[in-house]
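Number of protein chains: 2
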Amino acid sequence: MTTIRDIAKIAGVSISTVSLALNDSSRVSAKTLQKIEQAIHETGYKVDPVASSLKSGSSKLIGVVAGDVANPFFGRLLNQIQSCAIEKGHLVIVSASRGVALHEGQILDFLAGQRVAGILLSPHGKDQEFIDHINRLRMPTVLFDHKVEGLETDFVGSDNILASAMLTEHLIRLGHKRIALLAGEEGLYSADQRTEGFYKTMQSAGIDVDKSLVFDAKYDGDLAYAETMRLLTRAQPPSAIVAANNVMALGALQAIQDLGFKCPDDISLTCIDDVPWSDVIQPKLTMAVQPIEEIGKLASDMLFERIAAPNRKIEPRTAITTPKLVIGNSCARPKEV
Amino acid sequence: MTTIRDIAKIAGVSISTVSLALNDSSRVSAKTLQKIEQAIHETGYKVDPVASSLKSGSSKLIGVVAGDVANPFFGRLLNQIQSCAIEKGHLVIVSASRGVALHEGQILDFLAGQRVAGILLSPHGKDQEFIDHINRLRMPTVLFDHKVEGLETDFVGSDNILASAMLTEHLIRLGHKRIALLAGEEGLYSADQRTEGFYKTMQSAGIDVDKSLVFDAKYDGDLAYAETMRLLTRAQPPSAIVAANNVMALGALQAIQDLGFKCPDDISLTCIDDVPWSDVIQPKLTMAVQPIEEIGKLASDMLFERIAAPNRKIEPRTAITTPKLVIGNSCARPKEV
DNA sequence: TGAATTTATCGAAACGGTTCGATTGTGTAA
DNA sequence: TTACACAATCGAACCGTTTCGATAAATTCA
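Chain order of the listed sequences is A and L.
Positions 1 to 337 (the working numbering) are the ones given, in order, by the first sequence.
Positions 1 to 337 (the working numbering) are the ones given, in order, by the second sequence.
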């Protein structure tokens, strides 16, 4: 491998001059710069990122930590983050924080150890210890998906309350009153917000929520399947279901089909989040879709802004994207109204 | 930050002794080891991975390079690789090789620069220059999905020929003769194999392939959509379609639905690859599914075996997994037989 | 008991950069 | 001409490890 020493020797200058030229070409004279560039070109020299990280304390890597890496939602997000990162000459270390032997904190430590330039995090933890941990890293951090109260970082998410409100409102307008909610895991920021949007909308429509129609299915497809089975076979079943995410909606749809019910004739179904290839699913689901690529772009931009200006003090920012209501044919008027 | 120097001072030994103890505890006496461990425990010391990489030439990172990061197929694979890596104390740098500003070779160089312990690669290139490039890296490498002739590395893939043969055979048994193929991009290893499996099966059944029914849709959903439109509206349309991957199948299905055709009544459809939540798609597709998690596990195991024994010469291995035929209800007997 | 091995530990030289303070050279104002 | 500012360059220390060769101590063997 050719090192900076070799370049210095070939160009006939000192090592420090080469380093200076490499990091800020205006610091050396045009003549020297030319000699150095020539030497670099001849040898195909590349600065060693590891050595550089060791001394400078920062690398061309960013860390992305999210819950479920297999969810297509995350795939699209990662894809977007990835292109943004590459544009800035960075690569992405990605890790799941759940369902993995390592604790979320350990993963963050690992990333910090690698001197990543910044972290994009969909946090799982939310207690004070977690907050302290993040603060201790002193690293550009942007949260997405889940906001953590008391943590002074940037945050990008979509308007969860609006999303479930949209869907609930849509159903109410069709005449539904007995609306079930397949909620996400209680305690998770996005899940709680989505639940809140549901309750609020029902309330302002003057409809009492039947608590037995609200179930914490923890964003899990199988739980949603089981609960939908129960909902459809009970006395006084709901006439519509709001699923707080895509996976649960598909679980519910499966249950509906397996029981031989027809959607939307027997029951209406809506959900938050996009479903891959939703166009070919019959019935086409009515959904509140989040602009995933936009979220990825916003989060990346915020992060790289901080990375570019490491010493400047930037006030924590919050970006909330607006979900879009996509009307399918999974909702109809309730049978007896 | 506490460094190895601090530990040495606290334990009252030299730096090199600490390093020795850290990397192979049998190299130091029990008494010294105990003192060192005590000091580490007190301070919460962690070795600096970057400094370690610089000197030792290897890190606890592995690189994964694949075509399309947004495809759920890759999401599930990544998920699997990820857990395997974490089990071995490694994290994953992931990058797309296509549709990205950087060239595949540059990404590999970047990874090598980071001293990744090994690379999992679904290669895009296949020419001699590419082969030389990989060889020059001298790094544990496992290829998946696409095999490159002439490259002496491990390879994990599924039996593509068998996969398309299964589907074609299935259709032939139902009585189909005019079968269309939506092929993957010509020149890509997996695509060519899938095409080969189709032709072979048709041949041994004594059916002449109508070349106008074979179309290179480049694994692309939109192209498949357009071609299916053409196929269905032409004179003498096919009675069945084999799609070489999931994305193209969904494009085809969309076209079928948009034209008001019924699957499988008007046309049968099958594909290679799993489709996320295929159970709720009507009709449920008949598919040859690859054992994604198994592929991820096999590839990771091979890689970490090489990483664990860096100097041992291991002959290149090839693992071919067997796809499974999943019967849905997207295939029926052709209309007039 | 003395020589030959083995074991435990150490000092110092890397690994390949960055960066600070010092040095030299050039142009400008007094 | 002297003094001073400023630009260009340099030497050396440092980032936090690993590892090699050397040394000292302990053990084995004849």
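Just so it is clear, CB atoms sit at the ideal spot from N, CA and C, and this is done for glycine as well.
Item to check | Entirely enclosed alpha helix (DSSP H) segments - the stretch 65-101 of chain A, minimum 4 residues | outcome: 72-87
Checklist entry - Using 9 angstroms as the limit for Cβ to Cβ distance, is Val-209 (chain L) near chain A? => result no
Checklist entry - Where does Met-1 (chain L) fall in DSSP's three states? => result coil
Checklist entry - Is it true that the CB of Leu-78 (chain A) sits closer than 9 angstroms to the CB of Ala-180 (chain L)? => result no
Item to check | Asp-154 (chain A), DSSP secondary structure in three states | outcome: strand
Item to check | Secondary structure of Met-139 (chain L), DSSP reduced to three states | outcome: coil
Next on the checklist: I'd like the ranges of any beta strand (DSSP E) spanning at least 3 consecutive residues and lying wholly in the stretch 256-319 of chain L.
Outcome noted: 268-272 and 286-289
Next on the checklist: Taking the alpha-carbon of Gln-106 (chain A) as reference, which of A:Phe-215, A:Phe-130 and A:Leu-223 has the nearest alpha-carbon?
Outcome noted: A:Phe-130
Checklist entry - Taking Cβ-Cβ distances shorter than 7 angstroms, what residues in chain A pair up with Gln-82 (chain L)? => result Val-69, Ser-95 and Ala-96
Checklist entry - Count the other CB atoms within 10 Å of the CB of Met-1 (chain A); is the residue buried (16 or more) or exposed (fewer)? => result exposed
Checklist entry - Using a C-beta cutoff of 9 angstroms, does Pro-123 (chain A) count as contacting chain L? => result no
Item to check | Burial state of Asp-222 (chain L), where buried means 16 or more other Cβ atoms lie within 10 Å | outcome: exposed
Next on the checklist: Tell me the DSSP secondary structure of Leu-174 (chain L) in three-state form.
Outcome noted: coil
Checklist entry - Of all the CB atoms in chain A, is at least one closer than 9 angstroms to the CB of Pro-291 (chain L)? => result no
Next on the checklist: Against chain L, does Asn-79 (chain A) count as a neighbour if the rule is that its beta carbon must be under 9 angstroms from one of theirs?
Outcome noted: yes
Checklist entry - Helix, strand or coil for Lys-31 (chain A) per DSSP? => result helix
Checklist entry - Does the beta-carbon of Tyr-45 (chain A) have 16 or more other beta-carbons within 10 angstroms, so that it is buried, or is it exposed? => result buried
Next on the checklist: Quick check: what's the CA-CA separation for Cys-84 (chain L) versus Thr-153 (chain A)?
Outcome noted: 31 angstroms
Item to check | Residues sharing a beta bridge with Leu-111 (chain A), DSSP | outcome: Partner(s): none; Leu-111 (chain A) has no beta bridge.
Next on the checklist: Could you check whether Ser-19 (chain L) and Ile-4 (chain L) sit closer than 9 angstroms to each other, using their CB atoms as the reference points?
Outcome noted: yes
Checklist entry - Does the beta carbon of Lys-218 (chain L) come closer than 9 angstroms to any beta carbon on chain A? => result no
Next on the checklist: Here's the rule I'm using: 16 or more other beta-carbon atoms within 10 Å means buried, otherwise exposed. How should Thr-141 (chain L) be labelled?
Outcome noted: buried
Checklist entry - If you count every other CB in all the chains shown that lies within 10 Å of the CB of Gly-197 (chain L), and 16 or more means buried, which is it? => result buried
Checklist entry - What residues from the stretch 267-283 of chain A come within 8 angstroms of chain L, judged by C-beta to C-beta, listed N to C? => result Val-275, Pro-276, Trp-277, Asp-279, Val-280, Ile-281 and Gln-282
Checklist entry - Which bits of chain L does Ser-53 (chain A) rub up against, with CB to CB less than 7 angstroms? => result Val-50
Checklist entry - For Val-337 (chain A), does the count of other Cβ atoms within 10 angstroms reach 16, so buried, or fall short, so exposed? => result Confidence in Val-337 (chain A) is poor, its pLDDT being 47 and thus under 50, which makes the residue's placement too unreliable to answer from.
Next on the checklist: If we define contact as Cβ-Cβ less than 9 angstroms, is Val-337 (chain A) a contact residue for chain L?
Outcome noted: Note on Val-337 (chain A): pLDDT 47, under 50, position unreliable in the model; the coordinate value appears next. It does not: the Cβ of Val-337 (chain A) has no partner Cβ on chain L nearer than 9 angstroms.
Item to check | Proximal residues to Glu-87 (chain L) (C-beta, below 6 angstroms), its chain only, five neighbours per side dropped | outcome: none
Item to check | Of the listed residues A:Ala-112, A:Asn-160, A:Ser-95 and A:Thr-286, nearest to His-124 (chain A) (C-alpha basis) | outcome: A:Ser-95
Item to check | Complete beta strand (DSSP E) runs within the stretch 184-237 of chain L (minimum length 3 residues, chain order) | outcome: 214-216
Next on the checklist: Using the three-state DSSP reduction, which class does Gly-44 (chain A) fall into: helix, strand or coil?
Outcome noted: coil
Item to check | Cβ neighbour criterion (16 or more within 10 Å) applied to Arg-333 (chain A) | outcome: exposed
Checklist entry - Any idea which residues DSSP pairs Lys-324 (chain L) with across the strands? => result L:Val-289
Next on the checklist: Strictly below 8 angstroms CB to CB, what residues from chain A border Val-148 (chain L)?
Outcome noted: The premise fails here: Val-148 (chain L) is roughly 23 angstroms from chain A at the closest Cβ pair, so nothing lies under 8 angstroms.
Checklist entry - Grouping DSSP H, G and I as helix and E and B as strand, with all else coil, what is Val-13 (chain L)? => result coil
Next on the checklist: Give me the chain L residues within the contact set of Ile-86 (chain A), using Cβ-Cβ distance strictly less than 9 angstroms, ordered along the chain.
Outcome noted: Ser-95, Ala-96, Val-100, Ala-101, Leu-102 and Ile-107
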